[in-house]
Amino acid sequence: MADTSSTDTVDFGFSKVARAQKSQRVRAVFDSVARRYDVMNDLMSLGVHRLWKREFVGMMDPRPHLTLLDLAGGTGDISFHWHQRGGGPVLLTDINEQMLGVGRSRAETRGLIGGISFAVTDAEALPLADGTVDRVSIAFGLRNCTDKDKVLSEALRVLKPGGRFFCLEFSKLQVAVAAPLYERWSFAALPAIGAWVADDRESYQYLAESIRMFPDQETLAGMMRRAGFGHVAFRNLTGGIAAIHSGWRL
229 MADTSSTDTV
239 DFGFSKVARA
249 QKSQRVRAVF
259 DSVARRYDVM
269 NDLMSLGVHR
279 LWKREFVGMM
289 DPRPHLTLLD
299 LAGGTGDISF
309 HWHQRGGGPV
319 LLTDINEQML
329 GVGRSRAETR
339 GLIGGISFAV
349 TDAEALPLAD
359 GTVDRVSIAF
369 GLRNCTDKDK
379 VLSEALRVLK
389 PGGRFFCLEF
399 SKLQVAVAAP
409 LYERWSFAAL
419 PAIGAWVADD
429 RESYQYLAES
439 IRMFPDQETL
449 AGMMRRAGFG
459 HVAFRNLTGG
469 IAAIHSGWRL
């Protein structure tokens with residue numbers, strides 16, 4: 229489904245909320261799950277998210293002279309992979325201070341703090357000048373943004389000419405025979421796991437619902453083209469459970 233940026237209400241999972249309330253509601257979800265977020269990712273994806281993220285960063289082509297803006301970077305996985313694979317300076321951002329705090333603690337533990345800067349930043353209003361970074365990434369964060377078109381527009385703005393944008397996100401399953409099992413896993417297992425591990429069924433119910441409300445592969449590609457990206461492409465992962473979208477600032 230396309231983003232409904234022209235209306236006064238927006239999706240919050242399967243519910244509708246006032247546009248001004250969504251970021252507060254999303255912030256509350258991630259405040260709740262921040263400390264158990266990495267454990268829950270492993271449980272929710274059976275560890276497959278780690279493979280997706282490695283492929284994602286590999287496609288970004290890390291090099292020492294390239295700078296990365298990691299949007300909705302949360303606990304730091306993408307920034308860490310980029311840095312460890314030889315990428316240049318990273319600005320790790322997230323609208324949620326608690327998630328970013330977990331990322332900073334993890335960076336300190338791994339001795340990566342020197343190559344990564346941190347900022348509490350709204351991806352819809354980036355405090356950066358035009359044409360300042362070589363790569364912009366957002367992994368499992370775009371679906372939680374209120375105005376997805378604005379995020380894409382801001383990403384394009386801060387990229388240097390020849391820079392690239394990459395999005396890793398849950399998408400539309402392309403294997404019909406697996407759909408019933410996937411639905412049961414999403415709407416029965418995930419909230420139950422959330423209640424068991426994180427004592428928070430409601431947040432994981434929202435996360436499952438937000439995946440279903442996110443634009444499918446072709447719709448997101450069209451949104452990127454309308455934002456001004458060139459050479460837009462996507463790659464399905466695990467039968468379309470997730471997808472990597474990419475585009476260039478020409």
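Reading the sequence shown from the start, the letters are residues 229 to 478 in our numbering. Every residue gets a Cβ at the ideal spot worked out from N, C-alpha and C, and that includes glycine.
- By the criterion of at least three beta-carbon pairs nearer than 8 Å, the region 278-291 is in contact with the region 306-323.
- With contact defined as three or more Cβ pairs closer than 8 Å, the region 466-476 and the region 383-401 are in contact.
- Taken in chain order, the unbroken stretches of alpha helix (DSSP H) that lie wholly in the region 316-396 and span 4 residues or more are 325-338 and 376-386.
- Selection G331, V261, D375 and E336 evaluated against D350 yields D375 as nearest (Cα-Cα).
- By the beta-carbon neighbour count (other beta carbons within 10 angstroms, threshold 16), H459 is exposed.
- Annotation note: the region 408-435 contains no uninterrupted beta strand (DSSP E) run of length 3 or greater.
- In terms of Cβ geometry, G316 and P290 form a close pair [threshold 9 Å].
- Here N464 is bridged, per DSSP, to A471.
- Where L296 is concerned, the enclosing beta strand (DSSP E) starts and stops at L296 to L299.
- Put simply, of T360, E325, G468 and M268 the residue whose alpha carbon is nearest the alpha carbon of V348 is E325.
- The beta-carbon distance between S399 and G468, rounded to whole angstroms, is 6 Å. This is short enough to meet the 8 Å contact definition.
- F240 is bridged by DSSP to S243.
- Residue K281 holds the alpha-carbon nearest to the alpha-carbon of I366 among R247, A246 and K281.
- G304 has its alpha-carbon roughly 13 Å from the corresponding atom of R263.
- Three or more beta-carbon pairs separated by less than 8 Å are not found between the region 447-461 and the region 418-435, which leaves the two stretches without contact.
- Looking at the backbone, the Cα of I323 and that of A256 are separated by about 11 Å.
- Apart from the 5 residues on each side of it in sequence, I421 sits with its Cβ closer than 6 Å to the Cβ of L271 in its chain, given in chain order.
- Per DSSP, reduced to three states, the secondary structure at H293 is coil, with no helix or strand assignment.
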